[in-house]
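Student: After the structure tokens below, expect a handful of questions from me.
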Amino acid sequence: MVAIVKEEVLDEPMETKEEVSYEAKCALTTAIAKPLAPKKLSKKLYKCSKAAMKTKAVRRGVKEVCKALRKGEKGFCILAGDVSPIDVISHLPVLCEESKVPYCYVPARSDLGAAIGSNTPCSILLILKGEEYKDKYKECVKGIKELPSIYS
């Protein structure tokens, strides 16, 4: 007769996704990611983008944002600082400056995608002005304009 040994299986907790600190994300940004939004402004930008997404006042992705800027749509741009290769978005700050659209960088593409309710990371957003979230919009534009300029 064969003896069967019963083994106990320990219930191991599922691996949880650990939050990476803001400073660690900033360390992974590219060299041209300036002006980089501080942590407090980043949260405001994410909240404003979430509110704008509800009213469909968001242009997302390089192709869509370029098209909107060339057509003269106004708002503010949020660029991800960890895009690789950087050539993908290196021309967008110039387009924003020519169109007089304020812009800033945030540390991570994944956070930018999550802010608009997408599972896919997003490299750039153009937030258009809207009535439903005008207070958040004004706060964000004011915060972006207060950031130190890269030309000073």
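So the sequence shown is numbered by my numbering: it starts at 1 and just counts up by one.
Beta carbons: idealized from backbone N, C-alpha and C, even for Gly.
Since this is a predicted model, take the numbers as computed values, not measurements.
Enumerate, from N- to C-terminal direction, the unbroken alpha helix (DSSP H) stretches of 4 or more residues contained entirely within the region 116-146.
Tutor: 134-146
Student: From residue 116 to residue 77, what does the alpha carbon distance come to, in whole angstroms?
Tutor: 14 angstroms
Student: Out of 143, 121, 150, point me to the one whose CA is closest to residue 60's CA.
Tutor: 121
Student: Give me the DSSP bridge partner(s) of residue 80.
Tutor: 106
Student: Assuming contact is defined by CB atoms lying nearer than 9 angstroms, are residue 130 and residue 108 in contact in what I supplied?
Tutor: no
Student: From residue 53 to residue 140, what distance separates their C-alpha atoms?
Tutor: Looking at the two C-alpha atoms, the distance is approximately 15 angstroms.
Student: Considering only heavy atoms of the ligand MN, does any lie closer than 8 angstroms to the CB of residue 139?
Tutor: Here there are no bound small molecules, and the ligand MN is not part of this structure.
Student: Within its chain, find whatever has a CB closer than 7 angstroms to the CB of residue 90; leave out the 5 residues flanking it on each side and keep chain order.
Tutor: 32
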